[in-house]
Structure formats: structure tokens, C-alpha cells
Ligand code: PAF
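In my numbering, the protein residues as written are 426 to 709.
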């Protein structure tokens with residue numbers, strides 16, 4: 426595995442792979458890799474000839490009171506995991522390489538970013554799209570892989586790819602979970618053992634939604650009420666939002682279908698967690 430940290434080196438690597446006729450798969454991450462990220466690497470490997478993994482804790486997608494400073498980082502461990510999983514190139518730039526002094530241009534997301542995560546984290550999706558656009562521009566990947574755990578992010582990125590006519594195939598990879606249902610996330614590292622137990626409330630609430638769907642409930646309001654009742658049995662879990670939304674643009678729905686996205690964000694102690702399912706599939 427080759428390691429790249431500057432933009433000229435990244436461009437040089439991309440140019441060589443293109444000259445060799447390779448399809449390039451890009452896996453953008455913020456590091457502190459877990460099986461969810463490595464499933465993205467596997468998907469990129471299936472769809473491309475060479476896999477480029479980027480690791481960059483993107484400061485502009487964090488709000489002023491968010492966890493940028495304490496976001497977990499461990500490049501030596503990530504390097505080892507990436508190499509073991511067959512990544513061809515690791516791009517881990519510094520902040521100065523990505524945003525040199527004087528850099529100020531930002532991508533403005535549209536309506537699909539207005540609700541849910543977008544409302545809870547103002548500026549977040551603008552920061553995500555700016556860094557993803559920069560990576561897409563530098564790498565021009567044939568395929569880029571994103572995790573479904575950040576479902577609204579996948580919707581907002583897809584919209585950008587469409588709007589800017591990028592010939593990039595997007596692969597959205599199912600969420601990887603712990604045996605008790607907790608979605609893998611780098612932020613799970615913040616949870617102490619008690620909080621780790623409470624955090625299962627998120628996937629539990631999603632499973633409640635799926636159970637209601639299975640017995641014929643079709644009202645979004647009724648399903649949300651059932652999830653909130655379930656979550657009330659976990660007083661340590663503070664719900665931020667519950668979304669029942671259509672998958673195209675994450676617009677809210679009144680009547681649910683099998684394809685409806687059910688998403689939620691909640692705080693467990695100081696840790697903010699998100700999770701979602703496709704209603705007809707449940708927690709898988
Ligand atoms: O999903 C993430 O880890 C980040 O939002 C991403 C896509 C790498 C952009 O910083």
C-alpha cells in the first residue's frame with residue numbers, strides 16, 4: 426500500500442493508474458476505521474481495479490460546539506487495517522494540504538440537506554460536500570463508496586453528483602452492526618460500558634418501527650409514536666429527531682412504504698449517535 430499526503434502526489438498516483446487503464450474506487454473516510462469502513466473497501470474492490478482510501482477529519486463539517494477536537498484518530502492502526510484489507514493507496518492529507526490559507530470556497534447543498542441532520546447540524550452538509558467535491562475533483566473516481574449509516578449524506582452526495590454531472594458511480598453499502606444491533610461508528614469509542622448498553626436503544630427503536638410495519642401499520646405518525654414510547658424506556662437517551670422519509674430526497678412522508686427510510690439521532694451522555702433502516706428490511 427502506498428501512502429500519499431500531498432495533492433501533487435495524489436494526482437501523480439491517479440495519473441499513473443489511469444495510464445495503466447485501471448478503474449479507480451474511492452472510499453472517503455475520517456479514519457478510526459472499523460468493519461463498516463472496511464466493508465466499503467470490499468465494495469470498492471469488487472467494483473474497481475484499484476482502491477484509494479482517504480482519511481481526513483474534515484474540520485469544516487463540524488459545528489463550533491461539536492466533537493472535532495476529540496474525534497478519535499489513530500493513523501498507525503488505520504494504516505495497518507487498510508493495508509491488511511488490500512487498500513492500494515492511502516491518502517491522509519494534513520489540514521493545510523486540503524485547505525491552504527486563503528481557501529474559502531464552499532459547496533452549498535440544496536433542499537435534501539435542509540431537514541434532519543442538516544437542521545440539527547447547520548453547515549455540516551456544506552462541509553461534507555466541499556471535501557467530497559474536492560476528492561472527486563482530484564481523483565475522478567469511477568466509483569465512490571459510502572455507508573448507509575449516514576443515509577442523508579448519501580442522498581445529498583448523490584444530488585451533488587447529479588447536479589454537477591459527475592460520471593461517478595455511487596455505491597451505498599449496508600450498515601455493519603454489532604451482534605446486539607448497535608451500528609458501528611467511530612463515535613462508539615466515546616461510550617462507557619453503561620452508555621454502550623443504552624446505545625442499543627437506537628436500533629431497538631428502529632426494530633419497533635419495522636415490527637409495526639410488519640403488522641400492517643402504515644401511518645408515519647403512529648410509527649414515530651411507537652418508537653418514542655420505546656425510547657422513553659431509556660431515560661438516558663435523549664432523542665433529537667425521528668425521521669420517516671422517502672429515500673429520494675429525504676422528504677417526510679405521511680404514509681409509509683417498504684422503502685421508507687426511518688432515521689433517528691439521539692444523545693447518549695455527551696455522545697451523539699445516528700442510525701437508520703429501510704422500513705421493510707428492519708435492522709439487518
Ligand atoms: O462519512 C464520513 O466519514 C465523512 O462525512 C466523509 C464522507 C468522509 C466526508 O468527510
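Even glycine gets a Cβ: it sits at the ideal position worked out from N, Cα and C.
Cβ of residue i less than 7 Å from any chain B Cβ?
| i | result |
| --- | --- |
| residue 541 | The question asks about chain B, but that chain is absent: this structure has only one protein chain. |
With distance defined between alpha-carbon atoms, name the residue in the options nearest to residue i.
| i | options | result |
| --- | --- | --- |
| residue 556 | 687, 455 and 444 | 455 |
| residue 481 | 498, 466 and 490 | 498 |
| residue 584 | 509, 705 and 674 | 674 |
| residue 665 | 441, 638, 698 and 446 | 698 |
| residue 643 | 627, 534, 657 and 669 | 669 |
| residue 488 | 599, 597 and 547 | 547 |
| residue 428 | 689, 445, 461 and 500 | 500 |
| residue 603 | 435, 445 and 628 | 628 |
| residue 624 | 552, 700, 639 and 648 | 700 |
| residue 531 | 613, 484 and 677 | 484 |
| residue 613 | 657, 459, 448 and 479 | 459 |
| residue 601 | 426, 461 and 708 | 461 |
| residue 533 | 474, 526, 596 and 543 | 543 |
| residue 448 | 524, 651, 431 and 469 | 469 |
| residue 523 | 540, 432, 677 and 650 | 432 |
| residue 626 | 690, 595, 486 and 563 | 690 |
Decide if residue i is buried, meaning its Cβ has at least 16 other Cβ atoms within 10 Å, or exposed.
| i | result |
| --- | --- |
| residue 702 | buried |
| residue 477 | buried |
| residue 554 | buried |
| residue 450 | buried |
| residue 452 | buried |
| residue 443 | exposed |
| residue 575 | buried |
| residue 549 | buried |
| residue 684 | exposed |
| residue 559 | buried |
| residue 437 | exposed |
| residue 504 | buried |
| residue 537 | buried |
| residue 372 | Nothing can be reported for residue 372, as the shown portion of the chain is limited to 426 through 709. |
| residue 589 | exposed |
| residue 535 | exposed |
| residue 709 | exposed |
| residue 611 | buried |
| residue 407 | Absent from the model: residue 407. The displayed extent of the chain is 426 to 709, so no value can be given. |
| residue 677 | exposed |
Quick check on DSSP: helix, strand or coil for residue i?
| i | result |
| --- | --- |
| residue 539 | coil |
| residue 524 | coil |
| residue 458 | coil |
| residue 711 | This structure leaves residue 711 out entirely; the chain is present only between 426 and 709. |
| residue 706 | coil |
| residue 515 | strand |
| residue 611 | helix |
| residue 529 | coil |
| residue 409 | Residue 409 lies beyond the residue range present for the chain, which begins at 426 and ends at 709; the question has no answer from this structure. |
| residue 680 | strand |
| residue 572 | strand |
| residue 503 | helix |
| residue 591 | coil |
| residue 653 | helix |
| residue 549 | helix |
| residue 495 | coil |
| residue 467 | helix |
| residue 619 | helix |
| residue 585 | helix |
| residue 579 | helix |
Can you find a heavy atom of ligand 2 that lies under 6 Å from the Cβ of residue i?
| i | result |
| --- | --- |
| residue 431 | Among the ligands present in this structure, namely ligand 1, ligand 2 is not found. |
Where DSSP assigns a beta bridge to residue i, which residues make up the other side?
| i | result |
| --- | --- |
| residue 488 | In the DSSP output, where bridge partners are listed per residue, residue 488 has none listed. |
| residue 631 | Its beta-bridge partners do not exist; DSSP assigns none. |
| residue 688 | 668 and 701 |
| residue 663 | 692 |
| residue 430 | In DSSP, residue 430 forms no bridge with anything. |
| residue 453 | 479 |
| residue 566 | According to DSSP, which records beta bridges pairwise, residue 566 is partnered with nothing at all. |
| residue 602 | 608 |
| residue 644 | 680 |
Is the stretch 463 to 475 touching the stretch 561 to 570, taking contact as three or more C-beta pairs under 8 Å?
-> yes
Are the stretch 558 to 568 and the stretch 605 to 625 touching, with three or more C-beta to C-beta distances below 8 Å?
-> no
Is the number of C-beta pairs between the stretch 492 to 509 and the stretch 600 to 607 that are closer than 8 Å three or more?
-> As far as the Cβ criterion goes, the stretch 492 to 509 does not touch the stretch 600 to 607, which means the pair count is below three.
Quick one: any contact between the stretch 506 to 514 and the stretch 626 to 642, if contact means 3 or more CB pairs under 8 Å?
-> no
Three or more beta-carbon pairs under 8 Å between the stretch 649 to 662 and the stretch 685 to 696, yes or no?
-> yes
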